[in-house]
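Mapped onto the working numbering, the consecutive letters of the sequence shown carry residue numbers 165 to 290.
We put the CB at the ideal spot given by N, CA and C, even for glycine.
Taking it in order: structure first as structure tokens, then the write-up.
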Amino acid sequence: MVAHNHAADGPFTTRQLLRLDHALRVANDETGLTFSVYLGEFETPAREFAERLHKQVDNADRAVLVAVSPNQRKLEIVTGNEARKRISDRDAKLAGLSMAAAFAGGDLAGGVVAGLDQLATHAGRA
Numbered sequence: 165m166v167a168h169n170h171a172a173d174g175p176f177t178t179r180q181l182l183r184l185d186h187a188l189r190v191a192n193d194e195t196g197l198t199f200s201v202y203l204g205e206f207e208t209p210a211r212e213f214a215e216r217l218h219k220q221v222d223n224a225d226r227a228v229l230v231a232v233s234p235n236q237r238k239l240e241i242v243t244g245n246e247a248r249k250r251i252s253d254r255d256a257k258l259a260g261l262s263m264a265a266a267f268a269g270g271d272l273a274g275g276v277v278a279g280l281d282q283l284a285t286h287a288g289r290a
């Protein structure tokens, strides 16, 4: 699931959306976990907002949510109980740092794709 505001006026080109979709599919297939991306404004506090979004994902225990609010310069990664056994908080932090570096360089889509790849690598194969 890639949630974002209207594709037509969203921050991604069709090509970037396809890259994101592919990265999500690969991460899901390789790990057996459910990865999803939320892109948009956060309510405050940001962490609680991201955790509420995560709970809405099917099979939330095995889900990993990457939530990004470019305008607010916020990034949250939420892992369900089962997913957390395979992706430590430290792994999530490292993926977050590499995403933030890409975002700072102006590459939002590339940063999300790289982060998904890193998280999936840490999770290992299903």
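Task: Cα-Cα separation, GLN236 to GLU205 - done: 7 Å
Task: Contacting residues, own chain, Cβ-Cβ under 7 Å from LEU217 (five flanking each side not counted) - done: TYR202, LEU229 and ALA231
Task: Burial state of SER200 (16 or more Cβ within 10 Å) - done: buried
Task: Inter-residue spacing [alpha-carbon to alpha-carbon] between GLU215 and ASP271 - done: Going by the C-alpha atoms only, they are around 25 Å apart.
- [ ] State yes or no: is the C-beta of ALA287 within less than 9 Å of the C-beta of ARG250?
- [x] yes
TODO: Could you tell me whether the stretch 175-194 touches the stretch 263-277, using the rule of 3 or more Cβ pairs below 8 Å?
DONE: yes
Task: Where THR195 falls: helix, strand or coil (DSSP) - done: helix
Open item on the list: Could you give the first and the last residue of the continuous alpha helix (DSSP H) run that contains VAL232?
Closed with: Note, VAL232: premise wrong, no alpha helix (DSSP H); beta strand (DSSP E) at 227-233.
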